[in-house]
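Residue numbers (UniProt numbering): 1 to 556.
Backbone N, C-alpha and C fix where the C-beta goes; we use that ideal spot for every residue, glycine too.
What follows is a set of notes on a single structure, which appears directly below.
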């Protein structure tokens, strides 16, 4: 059957995991239409990578995806057992715990099955009448100057029949996983290595066991030889019988076990867990092979890769992938609206590459500890909370107010002590701050004000009058109307009455005194912080001149 020619679309997204769905949502919220395809015939049922770090929760908050935050649960405490017994050996603390603060409302890692995260994201893009097209595979693409020609194949679920389709798109995002067809089409080379000797089996299973409490994440067997990890998971199965399983070790033949199906998997679990077990269902099972690799570039021309397509299964996968999607999507939306030059898109690789490189260094150290059987592999380092991830070295950011020592070279994941101490310069994440109120007494929090559809210009000034020059400068640019918002924040003792003449400008008083502290503003001074659509501070400047300098690097 000859291919049909579809109408050109702004963005085609190949892959409907967390990366593709997040990119789709941010683009849709910015008014950019997308088409999202998935080669699988059904949505993946597995919990896979369930860990959600605090920075990921912050981004979902700013994107309005509160259902993920509400559904996630704290990690279950970890317990190992003496080999061949049900006698607890020791508990392992999986990293420090932290109390939420006004500036860090999401303090610790939480867990939610990836299938649940994806389901919630699909519900959000459905509000824009966009739905994932299953059984649709990208076979090839060709860049043609102003557009891309993509060859798709649609498969009927009830037969082997295939229908070819030719699609024209202005941009293509490859979020199609570790075996990415988009990455291969770009001709990217890999930096790093594959851990062929660290093959493990992972999956979701339903069973009940005598004396096996669901209050712990269990480890049975001997790590490095033969072991199984069982994490109770409420989003798997019914009646509290669901677990995420991980098994591995030199004495487990991964290929033979997978070929043996549920009976082979059940046999290993029963061998290692010395109690009566009632197996109910093996929902899915597969192989996981850690990769310490990333592509040498994350895009070329009109084609980009993100998530596992750019850095396959390197650990921190979903969390890094969500940040990839945010970083790329806000820039792509501005270029598609002809508000920013295409050169802005080159900063996607410039900004994300150092972060992924350091992520791989961190996870490599953890994998090395795990290979040695060290329990330190479970002691999640502070950096994994990702609250220190920054773009300080980006060519886009501008800081006029921080001393040179504050702007010294900083690791892309930041320094944990520095983050907790409240150090803040351009390129860092913007903190939350509750308890800012408007003239009618309505309370706001900063994370509700910051959104992925615009830049937010926060003007910290002793009085409303001292911020009016910024208001006039921004409102004088018609092209900025929907993509830049000014928010004035004055100290607790300042008046905000009579500000109606400022029109749509939000004027707030720092009633609980968290905003000035969080953004390191001084009550007697003026400070302007420009927060990007991805929640990072693009500029920390004195006033109008600094704002214009920053936006010259963003807009046409």
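Tell me the rounded alpha-carbon separation between residue i and residue j.
{"i": "residue 409", "j": "residue 191", "result": "23 Å"}
{"i": "residue 2", "j": "residue 35", "result": "Note that residue 2 has pLDDT 47, beneath the 50 cutoff, so the model's placement of it is unreliable and no number is given."}
{"i": "residue 110", "j": "residue 71", "result": "10 Å"}
{"i": "residue 337", "j": "residue 305", "result": "21 Å"}
{"i": "residue 151", "j": "residue 545", "result": "48 Å"}
{"i": "residue 41", "j": "residue 295", "result": "28 Å"}
{"i": "residue 279", "j": "residue 258", "result": "17 Å"}
{"i": "residue 167", "j": "residue 139", "result": "11 Å"}
{"i": "residue 92", "j": "residue 80", "result": "8 Å"}
{"i": "residue 385", "j": "residue 159", "result": "46 Å"}
{"i": "residue 263", "j": "residue 171", "result": "46 Å"}
{"i": "residue 275", "j": "residue 185", "result": "51 Å"}
{"i": "residue 451", "j": "residue 31", "result": "14 Å"}
{"i": "residue 173", "j": "residue 13", "result": "5 Å"}
{"i": "residue 364", "j": "residue 122", "result": "32 Å"}
{"i": "residue 239", "j": "residue 551", "result": "55 Å"}
{"i": "residue 215", "j": "residue 69", "result": "21 Å"}
{"i": "residue 243", "j": "residue 202", "result": "11 Å"}
{"i": "residue 213", "j": "residue 286", "result": "25 Å"}
{"i": "residue 179", "j": "residue 309", "result": "7 Å"}
{"i": "residue 260", "j": "residue 48", "result": "21 Å"}
{"i": "residue 241", "j": "residue 353", "result": "41 Å"}
{"i": "residue 293", "j": "residue 56", "result": "22 Å"}
{"i": "residue 475", "j": "residue 469", "result": "10 Å"}
{"i": "residue 341", "j": "residue 334", "result": "8 Å"}
{"i": "residue 513", "j": "residue 183", "result": "48 Å"}
{"i": "residue 634", "j": "residue 461", "result": "With the chain covering only 1 through 556, there is no way to say anything about residue 634."}
{"i": "residue 463", "j": "residue 487", "result": "13 Å"}
{"i": "residue 99", "j": "residue 146", "result": "50 Å"}
{"i": "residue 118", "j": "residue 477", "result": "38 Å"}
{"i": "residue 271", "j": "residue 75", "result": "26 Å"}
Rounded to whole angstroms, how far is the Cβ of residue i from the Cβ of residue j, which I believe are closer than 8 Å?
{"i": "residue 432", "j": "residue 54", "result": "Not a contact, Cβ separation roughly 11 Å."}
{"i": "residue 508", "j": "residue 437", "result": "6 Å"}
{"i": "residue 390", "j": "residue 412", "result": "7 Å"}
{"i": "residue 547", "j": "residue 528", "result": "6 Å"}
{"i": "residue 446", "j": "residue 515", "result": "7 Å"}
{"i": "residue 11", "j": "residue 169", "result": "6 Å"}
{"i": "residue 562", "j": "residue 430", "result": "Nothing can be reported for residue 562: it is not among the residues displayed for the chain, which extend from 1 to 556."}
{"i": "residue 332", "j": "residue 112", "result": "So it is not a contact: roughly 27 Å between Cβ atoms."}
{"i": "residue 51", "j": "residue 176", "result": "Not a contact, Cβ separation roughly 22 Å."}
{"i": "residue 394", "j": "residue 349", "result": "About 11 Å separates the two Cβ atoms, so there is no contact after all."}
{"i": "residue 557", "j": "residue 290", "result": "As displayed, the chain neither begins before 1 nor continues past 556, which places residue 557 out of reach and without an answer."}
{"i": "residue 425", "j": "residue 540", "result": "6 Å"}
{"i": "residue 510", "j": "residue 492", "result": "5 Å"}
{"i": "residue 543", "j": "residue 526", "result": "6 Å"}
{"i": "residue 136", "j": "residue 38", "result": "7 Å"}
{"i": "residue 549", "j": "residue 398", "result": "6 Å"}
{"i": "residue 209", "j": "residue 273", "result": "6 Å"}
Just reading off the alpha helix (DSSP H) that residue i is part of, what are its end residues?
{"i": "residue 122", "result": "114–126"}
{"i": "residue 68", "result": "66–71"}
{"i": "residue 55", "result": "54–62"}
{"i": "residue 506", "result": "Unbroken run through residue 506 is the beta strand (DSSP E), 506–509; no alpha helix (DSSP H)."}
{"i": "residue 515", "result": "514–518"}
{"i": "residue 472", "result": "468–475"}
Between which two residues does the beta strand (DSSP E) holding residue i run?
{"i": "residue 204", "result": "200–209"}
{"i": "residue 266", "result": "Looking at the DSSP string, residue 266 is not in any beta strand (DSSP E); the run it does join, the alpha helix (DSSP H), is 261–272."}
{"i": "residue 484", "result": "484–490"}
{"i": "residue 598", "result": "The structure shown does not extend to residue 598, since the chain is modelled only from 1 through 556, so no value can be given for it."}
{"i": "residue 444", "result": "443–445"}
{"i": "residue 285", "result": "277–288"}
{"i": "residue 384", "result": "Premise fails: residue 384 is in no beta strand (DSSP E) and is neither H nor E."}
Based on the DSSP secondary-structure assignment, which residues constitute the bridge partners of residue i?
{"i": "residue 229", "result": "219, 246"}
{"i": "residue 154", "result": "136, 163"}
{"i": "residue 303", "result": "172, 300"}
{"i": "residue 90", "result": "80"}
{"i": "residue 536", "result": "429"}
{"i": "residue 14", "result": "37, 174"}
{"i": "residue 557", "result": "Because the chain is modelled from 1 through 556, residue 557 falls outside the range shown and cannot be assessed."}
{"i": "residue 190", "result": "295"}
{"i": "residue 527", "result": "460"}
{"i": "residue 450", "result": "Paired residue(s): none; residue 450 is not in a bridge."}
Is residue i close to chain B, meaning its C-beta is less than 8 Å from at least one C-beta of that chain?
{"i": "residue 272", "result": "The structure shown contains no chain B; it holds only a single protein chain."}
Closer than 7 Å to a non-hydrogen atom of the ligand FMN - does that hold for the CB of residue i?
{"i": "residue 553", "result": "This structure lacks the ligand FMN; in fact it carries no ligand of any kind."}
- Message: Measuring CB atoms only, is the stretch 75–87 touching the stretch 21–35, in the sense that at least three cross pairs come out at less than 8 Å?
- Response: no
- Message: With a threshold of 8 Å, are at least 3 pairs of Cβ atoms found where one atom belongs to the stretch 474–491 and the other to the stretch 450–457?
- Response: yes
Is the stretch 223–231 close to the stretch 296–303, with three or more CB pairs under 8 Å? no
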